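Protein chains: 2
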Amino acid sequence: MSAEPRSRTPVVDTDIHNAVPAGALRPYLPARWRRHAEVFGSHTHGGSLYPKGSPAAARRDAWPPSGLPAGGDLPFMREQHLDHYGIEYGVLNCLHGAGTQLDPDYAEQLCRAVNDWQVAEWTDKEPRLRASVAVPYEDADRAAAEIRRVGPLPDFVQVLLVARSAAPLGDRRYWPMYEAAQDVGLPVGIHFGGGARGVPITAAGWPSYYIEDHTAMAQAFQAHVVSLVVNGVFERYPGLRVVLIEGGFAWLPPLTWRLDHHWRRFADEVPHLRRPPSDYVREHLWVTTQPMEEPHDPRQVLDVFAHLGGTDRVMFSTDYPHWDFDDPWRAFGVSLPEPARQAVFAGNARALYGLAPAAAAVGGVGA
Amino acid sequence: MSAEPRSRTPVVDTDIHNAVPAGALRPYLPARWRRHAEVFGSHTHGGSLYPKGSPAAARRDAWPPSGLPAGGDLPFMREQHLDHYGIEYGVLNCLHGAGTQLDPDYAEQLCRAVNDWQVAEWTDKEPRLRASVAVPYEDADRAAAEIRRVGPLPDFVQVLLVARSAAPLGDRRYWPMYEAAQDVGLPVGIHFGGGARGVPITAAGWPSYYIEDHTAMAQAFQAHVVSLVVNGVFERYPGLRVVLIEGGFAWLPPLTWRLDHHWRRFADEVPHLRRPPSDYVREHLWVTTQPMEEPHDPRQVLDVFAHLGGTDRVMFSTDYPHWDFDDPWRAFGVSLPEPARQAVFAGNARALYGLAPAAAAVGGVGA
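Protein chains in written order, with the numbering used here: chain L, 1 to 367; chain G, 368 to 734.
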């Protein structure tokens, strides 16, 4: 563990992964779907997880002595993560893959179970945690219904989609989810991962290595940003806010430059866009930091923030308990100016997710 | 046309498109394949061309009075482009789609015809022009044979691939082409476009609009860069040089940052890589300028060049006669320092393609 700094800034961690221990969802599933889980089990066209030797892609030290999976033991998470780093709030993104299930009824039931389990086992028990709504994202009407069912609860601060979907996420098939998210006032997070359903995971087909798979995830995020903007999602749902989680973001300014340039020439094709694409990106998109692309010269991080138009849409995240965890005490190779630092570590996330500053913050990151 | 500047720097234009007029390849095709062209014609899974109203995606003013297609009339190209802008050398990238043909024998024969036609009708007639070798790129053994057949001719300075291939271009199926290119000493250019053969053109599936298609081309380039590097192509072929043509490049530094970061963790998976991915990129990759991503603040172009590690692998291109042509007299929103400007407009391309500075350059771009 890293050395504790002298002075502190509160930390809102916008990407913590709570894991579902074996059998934990059973009490939350109707009997018919408990049987389905026993007889048929999971059926997805899933992605690849790394590393296999450390299940759930977790840090080796994040496996709790209880025998529960990494991210599956709340008391251990409290001690190792929330208390240790002085996390003011943590946003749970449960990557159980419920929404990735091919059987649409099972996907729906499993998402409901995950959400009910999150309230009962996590947010009810730990006031620093908030959860993201698991949704059967390839079945947008049912996903919308689930957003309307649990989204209004104070336990939830976000709707959770994944980057590898069956189509670019601006496609109209997905719009009912955006309408529901806007109606209940929740941002939509798009997280690294997902099932892809046969869509090659690079824009040039299937790659050979996991490092290509992992690196190409940024391409899926790029496709979604373009798709959401040019399909007019933000014109249709002006209150919609989207968070790119674990997708990096240094690629975002070049993408908006390219897209603005094309828009000046292709505006006739997309007359539903009333403003340059970069305007929608600036207003409707947030990003999380882990895993931030790290320039060889760390000062170039400041160029990237300048290209983004500032740090007001950048939110710190750790990805706890995954292997590629970012330590709040060591994140960023450079010092950010003080107001930006506080905004990135806490202020931006508080504002987006509607979290009040904790009265007496304990811990946090040093100045 | 733009106002002519006072002083001049020679221009090497690294991306000019010569077009094949109707019937022009007939004399270069064997009788059996002339019949095939008449009876079966083109059969590809092709991409989308824009705009339809101006065939061959050309500038409206680039259609020659002769009635030949834009880019298909050498005397007109000389007057409108080579003479007007004082082009010292131009690299022809003929996008006839010969290599995209599904019938492998037809693809091979059509590529041979395109190459023989380029020598007879272009490079033999105009000393400022050099051509790229058309190859049946999905059939690497035959592509390699064509590279060995015509690559040694002084008419050719490059092997031409396209960004939308059936697989990422580092895949071993493509390696015979790289061996041949290395052997004959030619760089391999990867140009915007291609047939994709059913691979969705974004990493998240099929998009709705042409603006998405056009913007997503950068994703295909990203996939190829990662694929070439991590499949060890540059370890296997240390003399291989690759040019990314019309793919932009502001996305390249973030990609190499991301990839280096992953490589530090996934090195075990790709033990054939002996150095960080960015080393291979720095040594083996060149980029052309059109269409460069243009930041809203033009000075940020200089950040992008700094992130790239300098301008020594950046080569100016116009994309003549296409609609998204870059005017040499207006390119770049900022002034480059003088040595960099000369390198980008001429020096880098001369060095890569082995072109001697013309004794008495006429025209060029102003200081």
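For each residue, glycine too, the CB sits at the ideal point set by N, CA and C.
Here the structure is a predicted model, which means the values were calculated and not measured.
Let's see if you can read the secondary structure: which residues bound the alpha helix (DSSP H) around residue i?
| i | result |
| --- | --- |
| Y89(L) | Looking at the DSSP string, Y89(L) is not in any alpha helix (DSSP H); the run it does join, the beta strand (DSSP E), is I87 to L92. |
| R112(L) | P104 to Q118 |
| A181(L) | W175 to V184 |
| S278(L) | P277 to H284 |
| L669(G) | Q667 to L675 |
Of all the CB atoms in chain L, is at least one closer than 8 angstroms to the CB of residue i?
| i | result |
| --- | --- |
| D538(G) | yes |
| Y576(G) | yes |
| M368(G) | The predicted position of M368(G) is uncertain, since its pLDDT is 41 and thus under 50; a value taken from the coordinates is nonetheless stated next. No - not a single Cβ of chain L is within 8 angstroms of the one on M368(G). |
| S594(G) | yes |
| A587(G) | yes |
| H639(G) | no |
| R373(G) | Only weak support is given to the placement of R373(G): the predicted model assigns it a pLDDT of 40, under 50, and the value that follows is read from those uncertain coordinates. No, R373(G) does not count as interfacial toward chain L. |
| G560(G) | no |
Hey, quick one: how far does the beta strand (DSSP E) through residue i stretch, first residue to last?
| i | result |
| --- | --- |
| I16(L) | V11 to I16 |
| H191(L) | V188 to G194 |
| A163(L) | F156 to R164 |
| V341(L) | Position check: residue 341(L) holds Arg in this sequence, whereas Val was assumed. From DSSP, R341(L) is part of no beta strand (DSSP E) but of the alpha helix (DSSP H) over E338 to Q342. |
| R497(G) | L496 to A501 |
| V609(G) | V609 to I612 |
Check residue i in the structure and name its three-state DSSP category.
| i | result |
| --- | --- |
| M292(L) | coil |
| H628(G) | helix |
| S684(G) | coil |
| A510(G) | helix |
| W122(L) | helix |
| L595(G) | helix |
| D211(L) | Note that residue 211(L) is Ile in the sequence shown here, rather than Asp. Of the three classes helix, strand and coil, the one that applies to I211(L) here is helix, per DSSP. |
| M368(G) | Residue placement at M368(G) is flagged as unreliable, the pLDDT there being 41, under the threshold of 50; the coordinate-derived value follows with that caveat. In this structure, M368(G) counts as coil in the three-state DSSP scheme. |
| V654(G) | strand |
| A98(L) | helix |
| H84(L) | coil |
| S7(L) | In this prediction, S7(L) has a pLDDT of 48, which is less than 50 and means its spatial position is unreliable; what the coordinates show is noted afterwards. In the structure shown, S7(L) sits in coil (DSSP, three-state: anything other than H, G, I, E or B). |
| V365(L) | strand |
| H689(G) | strand |
| V600(G) | helix |
| L536(G) | coil |
| A425(G) | strand |
| R35(L) | helix |
| L640(G) | coil |
Say whether chain G places a C-beta atom closer than 8 angstroms to the C-beta of residue i.
| i | result |
| --- | --- |
| D303(L) | yes |
| H214(L) | yes |
| E283(L) | no |
| T202(L) | yes |
| L259(L) | yes |
| A167(L) | yes |
| N18(L) | no |
| N231(L) | yes |
| V314(L) | no |
| P254(L) | yes |
| P295(L) | yes |
| G354(L) | no |
| H36(L) | no |
Using C-beta distances below 7 angstroms, list every residue in its chain close to residue i, excluding the 5 sequence neighbours before and after it, in chain order.
| i | result |
| --- | --- |
| G700(G) | E661, P665 and V668 |
| H410(G) | Q468, L469 and D470 |
| S2(L) | Low confidence applies to S2(L): its pLDDT is 46, below 50, so where it sits in the model is not reliable, and the reading given next is rough at best. If we look at S2(L) and ignore the five residues flanking it on each side, its Cβ neighbours are D327, W329 and R330. |
Given this structure, state the Cα-to-Cα distance separating residue i from residue j, to the nearest angstrom.
| i | j | result |
| --- | --- | --- |
| V20(L) | P154(L) | 21 angstroms |
| Q549(G) | V526(G) | 10 angstroms |
| D312(L) | L129(L) | 22 angstroms |
| T202(L) | E505(G) | 18 angstroms |
| R330(L) | L619(G) | 26 angstroms |
| R401(G) | N482(G) | 16 angstroms |
| S702(G) | T656(G) | 15 angstroms |
| V732(G) | D428(G) | 21 angstroms |
| E269(L) | P276(L) | 13 angstroms |
| E121(L) | V11(L) | 23 angstroms |
| D686(G) | V654(G) | 13 angstroms |
| V596(G) | Y647(G) | 7 angstroms |
| P291(L) | C111(L) | 27 angstroms |
| L29(L) | A113(L) | 6 angstroms |
Short of 6 angstroms in beta carbon distance, which residues of its chain neighbour residue i, apart from the five on each side in sequence? Order them along the chain.
| i | result |
| --- | --- |
| L355(L) | Y89 |
| F672(G) | T678 |
Should residue i be flagged as near chain C, meaning a C-beta pair shorter than 8 angstroms?
| i | result |
| --- | --- |
| V157(L) | The structure shown contains no chain C; its protein chains are L and G. |
If I measure Cβ to Cβ from residue i and keep anything under 8 angstroms in the same chain, skipping five residues before and after, which residues do I get?
| i | result |
| --- | --- |
| R641(G) | E602 |
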